[in-house]
Amino acid sequence: MARLSEDNIRLAREIIGRYPKPRSATIPLLHLAQEQDGFVTNEAMSHIGELVGATSAEVYGTASFYEMFKFEPVGKFLINICGTMSCALLGAEELMHHAEGRLGIKMGSTTADGKITLERAECQAACTEAPCLQVNYRYRYRVTPQDLDALIDDLSSGALDAEIPAHGTVATVRQSIPADRGVGAVDPDDVTEGPAWLDGKAAL
Amino acid sequence: MSGGTWKHAPGFYEGDRPRIVTSRFEYEDSFTLERYLATDGYKGLRTALGRPATDVHDEVKNATVLGRGGAGFPAGNKWGLTPQGVWPRYLVVNGDESEPGTYKDRLLMERDPHQLIEGCLIASYAAGLSQCFLYIRGEMALAQERVAAALNEAYAAGYVGKNILGSKFSLDIVLHWGAGAYVVGEETALIESLEGNRGMPRLKPPYFPAAIGLYGQPTIVNNVETLANLPWLLQNGAPAYTAIGTATSPGTRMVAVSGHVNRPGVFEIINGTTTFRDLLYGDEFCQGIRNGNDLKAFVPGGGSAPWFTPDQLDLPFEASQVGPAGSMLGSGAIMVMDSTTDIPRAALTLTRFYAHESCGKCTPCREGGTWLERILSRVVDGKGTDADLDQLFEVGESICPGAFPHASNEKLGLAAVPFPYRMNTICFVGPSAYAPVHSALTLFRSEFEARITKRKLISVTAVGQ
Amino acid sequence: MTTIDTNTTDAENTPPVDPNAVSITINGRTVAARKGELIIAAADRADEYIPRFCYHPRMSSVGMCRQCLVEVEGPRGPMMVVSCMTPVADGQIVRTDTPQVKRAHEGMIELLLANHPLDCPVCDKGGECPLQDQAFSHGAGESRFVEEKRHYEKPIPISDLVLLDRERCILCDRCTRFADEVAGDPLIIFTQRGNNTQVMTFPDEPFASYFSGNTVQICPVGALTATPYRFKARPWDLEQRESTCTSCSVGCRTVVQSSRDELLRFQGVDSDPVNWGWLCDRGRFNFQSTNSEDRLVTPQVKSGDSFTTVTWSEALDTVARTVRHARPGSVALIGGARGTNEDAFMWAKVADALGVTMRDAQLDDGLPASIYSYAQATIDSTCAGGTVIVVAPDLKEELPVLFLRLRDAAEKKRVRIIEVSSHQTGLTKYAWRSVQAEPGTSAAALAALLSESAVATQIQSGAVTIVAGRGNLAESANHVMAAVDAVIGAVPSATVLPALRRGNVRGALSVGLAPSDGNDTAAILEAAANGKVDCLILLGADPLSDVADADLARRGIAGAKFVVAVDTFLSPSAAHADIVLPAAAYGEKDGTTMNLEGRVTNVVQKITPRGTSRADWMIAAELLSVLGHDSSVSTLADVQRDMAKAIPGFGATTTAVAVKRDGVVVSVPVAAHSNVVTSAPPRNSYEFRLNVSRKLYDRAISTLTSPALENLAPGAQVLVNPLDLDRVGAPEGGNVRVSNNNSSLVLPVHSSPSVPRGVALVPFNQPGADIRELIRRSDSVVDVRIESI
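Chains as they are written, first to last, in the working numbering: chain A, 1297 to 1500; chain B, 12 to 476; chain C, 56 to 844.
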C-alpha cells in the first residue's frame, strides 16, 4: 500500500503530459512518491514504471543514483549539514560533532523518536554563508553550535512545523499550466518542421 | 562605499557598479510579476518579438555573452551550432548549481525568476527552440517555489505559453527539478537526468548536445546567469552591453567569494577588469583576509579549479589570462584560505566531494577518485607514508595524464601548462578530484611531509580553526 | 562490344573508388577502413589488438572502461582518445604503442583491479577471462592498492539461471546494455552511484529474460555465472567444436564444449547473417538433456506392458519383418524435423524403397510445405529495410533470436513492422501497427489494414517481407496461408520468411519428407485410426504431445498396428511403440541442418553417442541393408554425395568449408498450393474463441530433461482480457471450467491486457490440464465456454 494515491495519479499524469516523452517525468514522480510516503517505496517505483513506461528496475536505477531519494523511512526532519570546502573552512566539522553530541546519534542516522535524521551533505550553494545547513531543504546560514541547539529545540517542540513541511515535500508551490495557455508537448518523432516564428519576420 | 545588502538576498552586496542581472535585488518582492513589470520587466521580450528571430540571435552574438556555467563559451555561438533543418530543438536551463564555492544562480532564481523566464523566452525565440525545460537543483526548495509561482503568473498573464503577447511565438517552459547529484550539472548528464535516467555524462565526442541532445534532438543547454543577461541585453542593445567589461569578456558577471575573508559575499562585478586582489581586499568587496591573517592560497573558479597563491592576485577576471596561468574562472566561485589553513585537510574536503559525486560511469573517476580520497585521508590522519605522496601523483596520472596545469609554474621552474588538462575520463569530475590534491601537494608539499614524519594523530577539528 | 582504347585500359581495370573508403595509419602501418567505422574495429581487422572491456561490436559503444585509449595525432599534438568511441578519419594517425598509451593501459588495469577480489583460482572465468588475460598483457604486473576492497554479499541469484558476484564486477555495462539494448528486457540495471555503483535487479523482480545466458557469455570477468556450468570445469579442460543450434529453426551458430565425453556448455558464435553471437536460454542450456540419465540407450521391444532390451540386429530384423508383411501402402512415416538433413534424406530413401506415400516431417502444427514456393526472404533481407508483415507465432517465444534481429531492425528504424496476431506478442511494442484479430479473421484484418492509406503508403515505400508461421494451434493453417496470399495479392513482389519452428523442419521437408497428395500427418493419423496403417515409423516425433487434436493423435497411435519409434527419449508416443530404437542426440553426430531461411550449416559430433544409440541416418542405412536394398552408403560423406546428386541446390553444401559459420542458402523447388478457401463461423458472444500458442518453455522433452530449464514452464492456464475476467466472474488465479462439445477441463484463469476481448489464450503443452482435448482439426476455429466454479 504505497502506490500513488488517486490525487497523486492525477498530478502524475499532469506532470507526464508536459514532457515529449513520459520517461522524463521519472524524477518528479519519485519526488511525488516521497512526498506521499516520506520515502520511496518499492510499490511506488513499480507504479511509476507503469506510468512512464519503464521497468521497475529502470526506475530504481534512476532513483538510487540521486541522493535525495530515501528507500527506508527517515526522520520527520532531515538535517543536512554541509561539509564541503567553504563550510569546512569555517567550522562544519565542529558543527557536525556538536549535532551528533546533542542528538546522541551519528551522522547518517535517525533519532529514536523518528523526529530527526542527521546527514553530512555536500555543497549547498550558500558558500558565502558558511557554515550552512538545510532542514528538509530549508536553509539556515552561518550556523553556530548555539544556533543548532536552538534549531533542534524548535524542531522538537513543533515550533517550526508550519514553516517546514515533513520530509518528502520539497517545494510547496507546483507549476500548473492552464489548459488554454499551454502549447502542449509533442513527441519529437512527430515533428518535422521548424517553429512558425522562424519565417524571417518579426513575431509582433 | 561598501554597497547595500538585504536580508532577503543573503550574501549579496550591491556595490557602486553597473547591475545587469541583480538590479531588482533591493526589492523584497523582486520575485513577483507586479514588481517585475514595474521595473521594465518583459520589455526585452517585447523588443525581441518586434524583430525577426535571426536579428535577435545576431544581437546576442554581437554582445559576446560568455556562458556563465563554467566553460565560458559564447551563448550566441552555441545557439548557432545546431544542425540545419533538424526539428524540434530544445532549450534546457541548467539551474543545477552545485560546484563547490558557487552561489549565484540560486540567488537569481529566488530573487528574480521572471528575469530568467524572460531570458528563456528570448533565447528560444532567437534560436527557434520549441520547448524549454528549466532544470533546478533538487535541494533548492525556495528556488523551485519562486520559479513555479513566477511561471504560473507568467502563463496567466500571457508571457509564456500559446501566442505570447498575442504574437505567433509560442513556448512552454516546463519546470523540472533534480534530486541531488552534482554531476548532473554537466550538460550531457543534465540531459540524461531530464530524460529520466541516471545522471551520467554522455560520451564526447561526437555527441555535443547542440547536435544530439534531449531525446536525440538538437538542444541548447544554457546556465541560469547566462540567460538572465538577455532581457537587459535586448532592452539596451549589444553596444551598451559590450561597453561594460573588456572586448573578450564583456558585461558583468556574478562572483561568490567565500572562506577566510572578512566579508564573504556575492557580487556582480565588471567582467574582465576586476582582479582577484580587488575582490579579496577591495573595500566594496571582501575587505581583506580575516583577523588580519596572510593569504595562503585561493581557488579561483570553483572546486574543480587548480589553486592560486598570492602571486596570482593581480590577474584580472579574464579567461585569456587565467587559463595560461594554469587555472580557470569556472563558475565564478572563489574560495579563500588564510595562513592558518590545514592544507592537506582542505584538499581532502574537495577530493572527497568529487569522489562522492562521481557518477561511476568511467573507471578512472570511479576507482581513482575514491583511491585518492582514501590515501589522502590516511595522510591527513597521520598514517601516511612517503610512498603515499608519490602514489597520489601516480593515481592522478591515470586520471589525467601528462603535465597538470597549476599556478606558480615559473616559481617552481616548470614549463607553463595551460588549462584545460588532458583527461582519461569522460567528464571533468575525475580530474576535479585530482586538481586539489595536485595543487596542494605541489604548492605545499612540506605540510604533507610534516603529517608523515611526525606520525602524529591530528585531532579532528574544523579546518583552519 | 566497346572498342578498346589502350590509353584508358588501366583506368577501366581499376575498381571504382569507394566513396566510404578511408585510409588510416596504425603504428605506422596503413590500414584501409570505412567512414564511420570505429578505430578499435579498424584495428581489430588489422590485427593491432587494443585492450578493451566495455566495447562489444554488437552493442553501442559507451566508452566506460577507458581501457582502449590510444593516441591520435591532432592539430595540437597527440591526443588520448577512446578508440571505441572515435570514428576513423582519412589520414588519421593512430598509435597504440607509445609510452603514454602503455602508461594509460597499465593505469586503467590497476584501477580496475583495485576493487577486484583476484579470486581467480576459484573463479569459473579463470583461464578465459579478459580481465585476467589483459592484466597479463597490458598491466604493470603489480598493484599499489593497499586499501580495503569493496565488499558485497555474493553470489546472489538474479534469476533461475544466473548468479551475480558484484565484487568481481568491473561495471563495464555489457550485461546491462545487452538486457536493455539487445534483449529489450531492462531488468538488470546499475544502481547507486560512483564507487558504490553496482549491477542489480529490482527487489523481488528477477532477470527473467529468455536471453539471460548471453550476459554470462559477454561478461568480461567472472561476475556473472550460469548455474548449469558453475564449478563444472576449467576452461583449459574444455574441448570445443563449432556447430549450429537446432533447438529451433533460426540456426544460431554455437560452440559445443565438452570435457571427459560430457557436454558442458554452449556458447554463441557470431554469424553475421544469423545470430550475431546471441543464443536464447533454451538453446544455450538444453544440452543438459543430452547428458540425461533418462536417455534411450538400447533398442527395446514391447512385451506386454513393458519393454525388453534387444540387440540392434534383432530390432532391425523385427522392423524389416513388419514392413515386409505390411499391406501395400500401409507403412507411414512421421517426423524427421529434429535430425540432420542426412538423417531425413536416408529415411526418405527408406520410404522410397518401401513405396511409402504417407510421410510428413511436420506434426500438423505448421504450414503446408508450399510456404516455400513463394519468393523467399532471408533474415538479413527481412531486417534490411521496408515493411515486415508478421503473421506468425510470438517470435520471442518460438524463434527467439529471430525476434532479436527483428527487434533490432525496428528499434534502429530500418524497418516498420505490421503485426497481425490474436494476442499481443513480444514484438507488439516494436511494431509500427499491431492488430489483434480474433482467430479466423487474420486474413480479413490484414486486407483491411492494407487498404488504409498510411499503410498503403508504407507498403509502397520499400521492400515487403511476410514472416509467416502458425501462431494459433486452434486455428486452421489455411487462415495463415490466406493472409499470406492477401499480401502477395496486394504486393506481388513481397517475399516470405517462413517461421516454422522445429529445428530442421525445412531441411526434412526439402530432402524428401514432405507429404504428397494430402497425405500429411493428420491424414496419416486418421488412416491409422481407421486401421489402414500397418506400420507407423516415428522419427523423433511425438504426436501424442505435439498434434493439436489430441483425440486424433490418440486414435491414430492406438489404431496403428505396429509403431516404431526412433527417438532419444521414451516420449509419450514412444511409450506406445512396439519397438524403440535409440537415436544419437544433438552433439553426438555430424551432419548438416537447414534453418528457416534455407541456410545449410553443419552440426558436429562432440561426444560419443550414449549407450548403443546411433545417428538416424545410420539406422536408416542399416534398415535398408536388412531389407535387401543396396544403399551404397557407409559414411556420412556417402550420404552427402547422394544427397547432393538427388536434391537440387545441395551440390553447394558438400564441401566442409561451405557449411561452416555462415553456411550456404539452398533453394529447393516446392510446388505451389492452389487457392485456399477459409471461413470461420461467427462466434457466439457467450463463448470465447481459442488461441493456443507456444511458450519458449513447455513440456518439450529437451526442456523437461534439462534440470536448469525443467521448472521454467509457466504451467497450463487460460488468459482472458481483464474485462472478460469480470464477465466470467472468477477471481484472478481461480479455477474455471473450459469446455465445448468435445471435452471439458479445469484451468486457472488469469487476466491479461495482451488478450483481446472474446479470446481465450491458452499456452500449449504446459504442465497441467491439456487444452488439446478441446481441439478438433476439422474445425476452422475452436470456441469454448468459460465458467467460474
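Glycine included, every Cβ here is placed at the ideal spot set by N, Cα and C.
Anticipated Cβ contact below 8 angstroms, residue i with residue j, distance rounded
| i | j | result |
| --- | --- | --- |
| Val814/C | Arg749/C | Between Arg749/C and Val814/C the Cβ distance is about 16 angstroms, and since that is not below 8 angstroms, they are no contact. |
| Leu1447/A | Asn1376/A | 12 angstroms between Cβ atoms; not a contact. |
| Lys89/B | Ile231/B | 6 angstroms |
| Arg121/C | Pro375/B | 6 angstroms |
| Gly524/C | Pro448/C | 5 angstroms |
| Glu129/B | Gly177/B | About 17 angstroms; that fails the 8 angstroms criterion. |
| Ala824/C | Ala771/C | 5 angstroms |
Residue i versus residue j - alpha carbon distance
| i | j | result |
| --- | --- | --- |
| Leu293/C | Ile662/C | 12 angstroms |
| Phe180/B | Asp1303/A | 34 angstroms |
| Ala451/B | Ile105/C | 36 angstroms |
| Ala358/B | Glu458/B | 12 angstroms |
| Val177/C | Tyr284/C | 13 angstroms |
| Thr396/B | Ser198/C | 16 angstroms |
| Pro355/B | Gly380/B | 16 angstroms |
| Ser116/C | Ile437/B | 13 angstroms |
| Ser628/C | Asp435/C | 38 angstroms |
| Thr1488/A | Gln228/B | 12 angstroms |
| Ala613/C | Ile389/C | 15 angstroms |
| Glu128/C | Ile148/C | 5 angstroms |
| Trp402/C | Ala727/C | 24 angstroms |
| Glu742/C | Pro786/C | 18 angstroms |
Beta-carbon contacts of residue i that lie in its chain and below 7 angstroms, excluding the five residues immediately before and after
| i | result |
| --- | --- |
| Cys267/C | The displayed chain sequence assigns Ser, not Cys, to residue 267/C. So the list reads Ser214, Leu216, Val217, Asp336, once near-sequence residues are dropped. |
| Asp40/B | Arg46 |
| Glu460/B | none |
| Glu1310/A | none |
| Ala20/B | Phe36, Leu118, Arg122 |
Nonlocal neighbours in the same chain, by C-beta distance under 6 angstroms from residue i, ignoring five residues either side
| i | result |
| --- | --- |
| Pro494/C | Ser477, Asn527, Glu530, Arg744, Asn746, Val836 |
| Met59/B | The residue asked about is misnamed: residue 59/B is Ala in this sequence, not Met. Excluding residues within five positions, the ones whose Cβ falls inside 6 angstroms are Val67, Ile133, Tyr136, Leu245. |
| Gly421/C | Arg525, Leu555 |
Proximal residues to residue i (C-beta, below 8 angstroms), its chain only, five neighbours per side dropped
| i | result |
| --- | --- |
| Leu205/B | Val103, Phe144, Tyr146, His187, Leu225 |
| Glu765/C | Thr758, Leu759 |
| Leu168/C | Leu186, Ala190, Gly194, Ser198, Phe200 |
Beta carbons nearer than 8 angstroms to chain C: which residues of the stretch 1319–1353 of chain A have them? Asn1338, Met1341, Ser1342, Ala1350, Thr1351, Ser1352, Ala1353
What residues in the stretch 103–134 of chain C have a beta carbon less than 8 angstroms from any beta carbon of chain B? Residues Ser116, Val117, Gly118, Met119, Cys120, Arg121, Gln122, Leu124, Met134.
Count the CB pairs spanning the stretch 190–200 of chain B and the stretch 60–69 of chain B that are closer than 8 angstroms, and state whether there are at least three. no
Give, in chain order, every residue of the stretch 1465–1476 of chain A whose Cβ lies closer than 7 angstroms to some Cβ of chain B. Val1466, Ala1467, Thr1468, Val1469, Arg1470, Gln1471, Ser1472, Ile1473, Pro1474
Under 8 angstroms, with one C-beta from each stretch per pair, do the stretch 363–370 of chain C and the stretch 297–316 of chain C reach the 3-pair mark? no
Relative to chain B, which residues along the stretch 1426–1443 of chain A have a C-beta separation below 7 angstroms, given in chain order? Ala1426, Gln1430, Tyr1433, Arg1434, Tyr1437
If you pair each beta-carbon of the stretch 310–322 of chain B with each one of the stretch 330–346 of chain B, do three or more pairs fall below 8 angstroms? yes
Under 8 angstroms, with one C-beta from each stretch per pair, do the stretch 438–456 of chain C and the stretch 405–419 of chain C reach the 3-pair mark? Because the criterion of three Cβ pairs below 8 angstroms is not met, the stretch 438–456 of chain C and the stretch 405–419 of chain C do not touch.
Check each residue of the stretch 563–590 of chain C: if its Cβ is closer than 9 angstroms to any Cβ of chain B, include it; give the result in chain order. none
Pair every Cβ in the stretch 315–331 of chain B with every Cβ in the stretch 439–454 of chain B, then say whether three or more of these pairs are closer than 8 angstroms. yes
At least 3 beta-carbon pairs within less than 8 angstroms: the stretch 709–728 of chain C vs the stretch 323–342 of chain C: yes
Under 9 angstroms, CB to CB, which of the residues in the stretch 1475–1491 of chain A have a partner in chain B? Asp1476, Arg1477, Gly1478, Val1479, Gly1480, Ala1481, Val1482, Asp1483, Pro1484, Asp1485, Val1487, Thr1488, Glu1489, Gly1490, Pro1491
Got a sec: which bits of the stretch 763–794 of chain C sit with their beta carbon under 9 angstroms from any beta carbon on chain B, in order along the chain? none
Check whether the stretch 306–321 of chain C touches the stretch 273–280 of chain C, counting contact only when three or more Cβ pairs, one atom from each stretch, lie closer than 8 angstroms. no
Would you call the stretch 1332–1350 of chain A and the stretch 1378–1387 of chain A touching, i.e. three or more CB-CB distances under 8 angstroms? Output reads no: the stretch 1378–1387 of chain A does not touch the stretch 1332–1350 of chain A.
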